[in-house]
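Visitor: Chains as they are written, first to last, in the working numbering: chain A, -13 to 286; chain B, 19 to 243. Beta carbons: idealized from backbone N, C-alpha and C, even for Gly.
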């Protein structure tokens, strides 16, 4: 209860306690700048973390429900093996639909590597069949055995081989983003602790006078805590505001740009940065409070 | 109110005070005298727990100083007005705000009456200096401001270390008259001074005990005082 009251008093304004600490321009600017810079970085780390999270979810959802069958056969057998594969798929439980990809679709897939004028009909490009799954999906081992029997040139690719590393990479990137946010918060706490300790050391006379006239440690600490918390709050609010403007001007998600164009916030995620200054203020509150009580306990 | 029993203070292997036994009863008036460096200031510091005795016992308002928490010390100091030789203030706020600071830190800000503050400033001859910053005050003015700050809380005990050291004779008489008046109101006063004339003049006004520190020991001063 006592702690809750002291948190409330920081914002409700015990201006008398605040008044006893002399103004210190440089420390003030340094604390606000640090909080601002840290908040700026936090917002970007948050945007990165959320974007990679979305990407991981999307890849996971999209790739988990599809598979591809690649048919590499001599030209005369390609149509027959394609038909055989489609027939196998039609009679396999867990398959929602299957279709042979058109030449245009295959050309589009190869376009990034070979350019737009690829003469597909003159190249031995395998035929691709896109399979959409339903329910729990097919029994992949059984399907592979049936395909090898009915169409020897067919190879089933259920995307597991490259989906997992991609999803793992995106998940770890998200985790790294969250760890970065924690490290930034820790660094800010450390810097504010140092600034508060420096301010306490520089105000030895003030503390001496206050102790002489009967001020309790909590009164003295509150004066410093209030000042540093408000500085951190204001600095972090400015840093967050600037970072949000920066994120807002990032390119919108686009097919061509893939990951790098989807780094902004989406929907309710825009609310999350609002908590950054609040968390910065809470970090500053505790960092200054602990530093103040530790410093005061060493004085007579 | 203040009780020292065989109290001593040792610093750097040297005894500053030893075997001090003293009792300050409520409403009493004491002078503490002795040569420069004899330990007068150290004894005053023991009386408000600015220093801890290295031997013996010190009790302040019935509390053993060794058993006091930091909050206890703060509460005890609100009942003691201290005037130092080198008075310290918050240099960035006005003399008037410094005077009312003890009320603020003890949560009694609502009791601040600017009329009373003006009267107090007048009593110590600082009517025109209320809005000045402490660094703008002379040595004597600082001591008077410190005395005003010490008494604004109407403390039970006033400890003054050479309170008239930097003021002229007329102002010294005025400050002592103020302390005598406070003593008549029931406050306990302990003044450390080496000014024997001041002690003699005051003794004609009030019944005061004169203590002398000599060779680290406390003794009652002779009849010449």
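1) Apart from the five residues on each side of it in sequence, which residues of its chain come closer than 8 Å, Cβ to Cβ, to residue 40/A?
2) Is there a C-beta anywhere in chain B that falls below 8 Å from the one on residue 194/A?
3) Secondary structure at residue 214/A, three-state DSSP: helix, strand or coil?
4) List the endpoints of the continuous alpha helix (DSSP H) containing residue 53/A.
5) Figure out for me which residue from 97/A, 64/A, 55/A and 108/A has the closest Cα to the Cα of residue 85/A.
6) Within a Cβ cutoff of 6 Å, which residues of the same chain sit near residue 149/B, ignoring the five residues on either side of it in sequence?
7) Determine the closest residue to residue 182/B out of 159/B, 136/B, 106/B and 230/B, with distance taken between C-alpha atoms.
8) I'd like to know whether the C-beta atoms of residue 165/B and residue 193/B end up nearer to each other than 8 Å.
9) Given residue 20/A, which residues of its chain have a CB within under 6 Å of its CB, disregarding the five upstream and five downstream residues?
10) What number of angstroms, rounded off, separates the C-alpha of residue 127/A from the C-alpha of residue 142/A?
11) Mind checking whether residue 4/B and residue 60/B have CB atoms under 8 Å apart?
12) In the DSSP assignment, the alpha helix (DSSP H) including residue 191/B goes from what residue to what residue?
13) Spell out whether any CB of chain A is found under 8 Å from the CB atom of residue 95/B.
14) Residues of the region 94 to 124 of chain B in Cβ contact with chain A at a cutoff of 7 Å, in chain order, please.
15) Apply the 10 Å Cβ neighbour rule to residue 61/A and answer buried if 16 or more other Cβ atoms are within range, or exposed otherwise.
16) Buried or exposed, going by whether 16 or more other CB atoms sit within 10 Å of the CB of residue 150/A?
17) In chain order, what are the residue ranges of uninterrupted alpha helix (DSSP H) at least 4 long that sit wholly in the region 67 to 124 of chain A?
18) Assuming residue 175/A is part of the alpha helix (DSSP H), what are its boundary residues?
19) If you compare alpha carbons, which of 281/A, 24/A and 9/A is closest to residue 328/A?
20) So with Cβ pairs under 8 Å, would you call residue 89/B a contact of chain A?
21) Cβ of residue 307/A less than 8 Å from any chain B Cβ?
22) Starting from residue 128/A, trace the alpha helix (DSSP H) both ways and give me its first and last residue.
23) Is there contact between the region 93 to 109 of chain B and the region 55 to 75 of chain B, where contact requires at least three CB pairs shorter than 8 Å?
24) At the level of alpha carbons, what is the spacing between residue 171/B and residue 120/B?
25) Which stretch, first to last residue, makes up the beta strand (DSSP E) that contains residue 43/B?
26) With residue 26/B as the anchor, note down where its beta strand (DSSP E) starts and where it stops.
27) State yes or no: is the C-beta of residue 74/A within less than 8 Å of the C-beta of residue 114/A?
28) For a contact meaning CB atoms closer than 7 Å, what does residue 5/A contact in chain B?
29) I need the straight-line Cα distance from residue 1/B to residue 263/A, nearest angstrom please.
30) For chain A, is any of its Cβ atoms less than 8 Å away from the one on residue 92/B?
31) Alpha carbon to alpha carbon, how far is residue 140/B from residue 26/A? Give it in angstroms, no decimals.
32) List the residues of chain B that residue 8/A touches, going by C-beta distances under 8 Å, in chain order.
33) What would DSSP say about residue 158/B, mapped onto helix, strand or coil?
34) Quick one, which of 29/A, 205/A and 111/A has its alpha-carbon nearest residue 278/A's?
35) For residue 159/A, which option in 42/A, 80/A, 284/A and 282/A has the closest C-alpha, if you only look at C-alpha atoms?
36) In angstroms, rounded to a whole number, what distance separates the CA positions of residue 29/B and residue 234/B?
Guide: For this structure:
1) 248 and 252
2) yes
3) helix
4) First-last for residue 53/A: 52 to 57, but that is the beta strand (DSSP E), not the alpha helix (DSSP H).
5) Ranked by Cα distance from residue 85/A, the options 97/A, 64/A, 55/A and 108/A are led by 55/A.
6) Contacts found: 112.
7) 159/B
8) In this structure, residue 165/B sits near residue 193/B, with a CB-CB distance shorter than 8 Å.
9) Correct list, in chain order: 177.
10) 10 Å
11) Absent from the model: residue 4/B. The displayed extent of chain B is 19 to 243, so no value can be given.
12) 187 to 202
13) yes
14) 95, 96, 100, 106, 107, 108, 110, 111, 119, 120, 122, 123 and 124
15) exposed
16) When all chains shown are included, residue 150/A counts as exposed.
17) 89 to 100
18) Start and end: 146 to 188.
19) Any answer about residue 328/A is impossible in this case: the structure gives chain A only from -13 up to 286.
20) Yes, residue 89/B lies at the interface with chain A (some Cβ there is under 8 Å from its Cβ).
21) Residue numbering for chain A in the displayed model covers -13 to 286; residue 307/A lies beyond these limits and cannot be assessed.
22) 126 to 136
23) yes
24) 7 Å
25) Here residue 43/B belongs to no beta strand (DSSP E), and DSSP marks it neither H nor E.
26) 20 to 29
27) no
28) 111
29) This structure cannot settle anything about residue 1/B, because the visible part of chain B is limited to 19 through 243.
30) Residue 92/B counts as touching chain A.
31) In a straight line, the C-alpha of residue 26/A is about 55 Å away from that of residue 140/B.
32) Within chain B, the residues near residue 8/A are 108, 109 and 110.
33) helix
34) 205/A
35) 42/A
36) Cα to Cα, residue 29/B sits roughly 12 Å from residue 234/B.
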